[in-house]
Amino acid sequence: AARAWARRRHGHPPAAGSGWERLRARLRPPAVGPGPWWPLGGALGLAAALSGRAVVTGIGPADKPMQASDGVWHLNAAAYVRDLADAYPIGALAPMYWGEVHYYPTGWHALTAIVPAPVAVSANLTVLVGLAVVWPLGCASLLSALFSAPSRRIRDALPLLTGIVASTIATGPFVLMSILWPYGWAVCLLPGAVSLVMAARPRHGARRAAASRVGGWLAAGFACLGLVAVHGASAFNLAVIGVPALLVVGLVAITQRWRTGNRQRMIIMALAGLVVLAVALGVIGFWDQLRMLFTYHRPSANAMAVLREAFHDSAMTRAIRDGGWGGASLTVVAAVGVVVSVVRRQHRWAILTAVLAVLLMVASVYTDGPLRVFASPWYLQRARIMPLFEIAVLVLAVTALEGLGDSARGRRAALLASPQPNRADWGLRAAAALLAVSTVALGGAAVARSGFHHYVIAFSYQPTISRWPMMLSEEEIDFIRASADLLPEDAVVLGQPTNGSAYYWSLTGTDVVYPTLRRYAEADRRIVARHADEIFDDPQVCAALDRLGAHYYYTDDDPTEGGAPGGAETPRWPNQLDELPREALMRVATDGDHTLWLISACGWDQ
């Protein structure tokens, strides 16, 4: 193989070299095919522009923090990773778990921590890069691995180019990157990893000429391992897409090798045993996390609502007004693609993946029955499953466009070859018209969806647009940053975590007692939360605050958060943190509604 590649490159076989040179020659793909093609870059640029516009206008200023409940958690977690210079998944986020050691994937936090910018800016940059670059580029790679244009004419490559632009119709990545960064980042990376799996697998018994067999599988394997490292749920995402994709060609290859003799059978059985062993070790090693997933509970919902959401691509966007048909145009074209896929026996794995994704979303709403177990890896949240459906739908839609294009080209070739051309070939006209209408519809949907995605992002960032309860007003963000300059370097701030105090750590580097919105089990934090209103009568309160180093207290007296339609976020668990007597405090800074205090009742001064 190496000699054949070298002949293709240089016209002569390679000279004998070291083992490393031979290995490099084996892994290195051949230099085949022409260079970059500008329409492909144009489609990627348009996709990036549509998604980038939605992100930039949805976030607003680059240093604005996300206000979804998980946003404050991950901002503070990234700040701890940067401060401690530790991104090991086991134990690096101990400050977020009151000192306890737990496993949590820290790939996104590490990426955010190493960007030379404030944590909020770094986090928002990952949103922009993930949605405007990584997702469209990954979808382009996936479609390029599955579809090949017969020529470099735009009309012949129209299905591929349209599919790249249509990848921005998907709402799932926008929803996830506006509420749950680590998983959203893993979702943005998913199409790229799947594209390597598709490029590595055999295609009708022959491999692509431009892909090395060993190098292709190594690249796919490392990509999948990296994806799982970013977020553990990626293992289940890869299973839903990868198993159907490898099922047909895998069964054919296994059957052929099984028939060749006992040696091949032993190899197949050994590989199967290794897979079973790896799964068993994974279950044993992560049993605590799996048990937590299997016992997680959400309220039940209506299965018909799930099907409507799948058709419109609208999971978790009910509160956001959408005047159009959402992603229904892509779903309709994909429905045509199902027929084309079955007839032409191509990309049938996408049908199976779409069906599995819908079944998982339906299982996620039957939270009181046994079906819930199948959706537990996604926390029974259909928005986490939706991207799997979106990827399959995109592939099926491009399958439909390719089928229409091939039909039109075939009829045109037959028409030109006929001795008596029939210029009224209605089949040709119908195929060309359907292709044109579908292309325009998907392009229009991508443009229209960009405006909708602006609001998806803005709901987590802009208090005056969101209908959700918020934790920070525009003025409050400025006050927190300014007031932190008045504090000593080792200061720790106490406050109700939902009133904005939890953002002191990620926005200013000033540590806080409660960096998350959840209830704390650690003894000193529990004492403070339960007995803050008894600071004059219970000496345990001052003693616990002193051990925590918390000499400062933050209050927010604006119940509207600057006029936000959703109002202010309420406490997530019963506590007395809002009841610390004002007589026990000395004002350090205020802007009227927001005040930073020194807890003077414990005898501390500045």
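For our numbering, count along the sequence shown from 1 and bump the result up by 722.
Where is the CB? At the ideal position from N, CA and C, for every residue including glycine.
Residue from the options with nearest C-alpha to residue i
| i | options | result |
| --- | --- | --- |
| E1305 | E1256, A1266 and D1280 | E1256 |
| G906 | R1151, P895 and G914 | P895 |
| M1026 | H1034, H1019 and R1020 | H1034 |
| L1029 | L902, A967, F1111 and D1268 | F1111 |
| L1297 | L853, A961, A1243 and C1324 | Note on identity: in this sequence residue 1297 is Asn, with Leu being the wrong assignment. Among L853, A961, A1243 and C1324, the Cα nearest to that of N1297 belongs to A1243. |
| Y1275 | E1283, A1265 and D1300 | D1300 |
| A1311 | I891, S1205 and P1021 | S1205 |
| S1129 | G1149, L1116 and A1114 | G1149 |
| V916 | I901, C946, T893 and A892 | C946 |
| F869 | W857, R1151, V855 and T884 | T884 |
Burial state of residue i, where buried means 16 or more other Cβ atoms lie within 10 Å
| i | result |
| --- | --- |
| A1224 | buried |
| W760 | exposed |
| Y802 | buried |
| Q1184 | buried |
| H831 | buried |
| A931 | Low local confidence applies: a pLDDT of 46 at A931 is under 50, so the model's placement there is unreliable, and no value is given. |
| R985 | exposed |
| M920 | buried |
| T982 | exposed |
| I812 | exposed |
| R923 | buried |
| P904 | buried |
| M1108 | buried |
| I781 | buried |
| A1272 | buried |
| M899 | buried |
| L993 | exposed |
| A1186 | In the sequence on display, residue 1186 carries Thr and not Ala. Its Cβ having fewer than 16 others within 10 Å, T1186 is exposed. |
| G954 | buried |
| T1232 | buried |
| A1331 | Only positions 723 to 1328 of the chain appear in the structure, and residue 1331 is not among them; the question remains open. |
| L960 | buried |
| A1002 | exposed |
| S1172 | buried |
| R1247 | buried |
| D1010 | exposed |
Contacting residues, own chain, Cβ-Cβ under 8 Å from residue i (five flanking each side not counted)
| i | result |
| --- | --- |
| R1203 | L1229 and T1230 |
| F1016 | V1095 and S1098 |
| L880 | L1123, G1127, L1157 and T1161 |
| G821 | E1244 |
| A928 | Reliability of the predicted coordinates at A928 is poor, the pLDDT of 40 falling under 50, and no value is obtained from them. |
| R1131 | P872 and D878 |
Proximal residues to residue i (C-beta, below 6 Å), its chain only, five neighbours per side dropped
| i | result |
| --- | --- |
| M1038 | V897 and A1105 |
| A957 | V950 |
| A809 | V803, T828 and A832 |
| A816 | V823 |
| V1084 | A1025 and V1028 |
| T1193 | Per the sequence presented here, residue 1193 reads as Met, with Thr not at that position. For M1193, where only same-chain residues beyond five positions count, the Cβ hits under 6 Å are Q789, T1220, G1222 and E1291. |
| H1316 | E1198, F1201 and D1278 |
| G860 | P913 and G914 |
| G796 | The amino acid at residue 796 is misidentified as Gly; the sequence shows His. Result list for H796: W903, in chain order. |
| A1041 | R1189 |
| H1176 | A776, T779 and G780 |
Which residues DSSP lists as bridging residue i, in chain order
| i | result |
| --- | --- |
| H1330 | It is not possible to answer for residue 1330, since the shown part of the chain is limited to 723 through 1328. |
| R1309 | W1319 |
| M1192 | A1290 |
| Y825 | I812 |
Contact set for residue i: own chain, Cβ-Cβ below 7 Å, skip 5 residues either direction
| i | result |
| --- | --- |
| M1308 | W1319, L1320 and S1322 |
| V1060 | I1073 and L1118 |
| R1066 | G1125 |
| R874 | W759 |
| L768 | V887 |
| S1051 | A1163, L1164 and A1167 |
| W1326 | H1273 and L1320 |
| Y1088 | S1022 and R1094 |
Residue i Cβ short of 7 Å to the ligand FAD heavy atom set
| i | result |
| --- | --- |
| A1290 | Annotation note on the ligand FAD: not contained in the displayed structure, which lists no ligands. |
> Fully enclosed by the region 1208-1279, which alpha helix (DSSP H) runs are 4 residues long or longer?
Replying inline: 1225-1230, 1245-1253 and 1261-1270
> What are the start and end residues of each continuous alpha helix (DSSP H) run of 4 or more residues lying completely inside the region 943-1012, in chain order?
Replying inline: 956-980 and 984-1007
> In chain order, which continuous runs of the beta strand (DSSP E) of length 3 or greater are located wholly inside the region 1148-1172?
Replying inline: none
>> I'd like the ranges of any alpha helix (DSSP H) spanning at least 4 consecutive residues and lying wholly in the region 1041-1090.
In response: 1050-1066 and 1070-1087
> Going along the chain, which unbroken runs of the alpha helix (DSSP H) with 4 or more residues stay wholly within the region 824-904?
Replying inline: 829-836, 841-851, 857-868, 880-888 and 894-898
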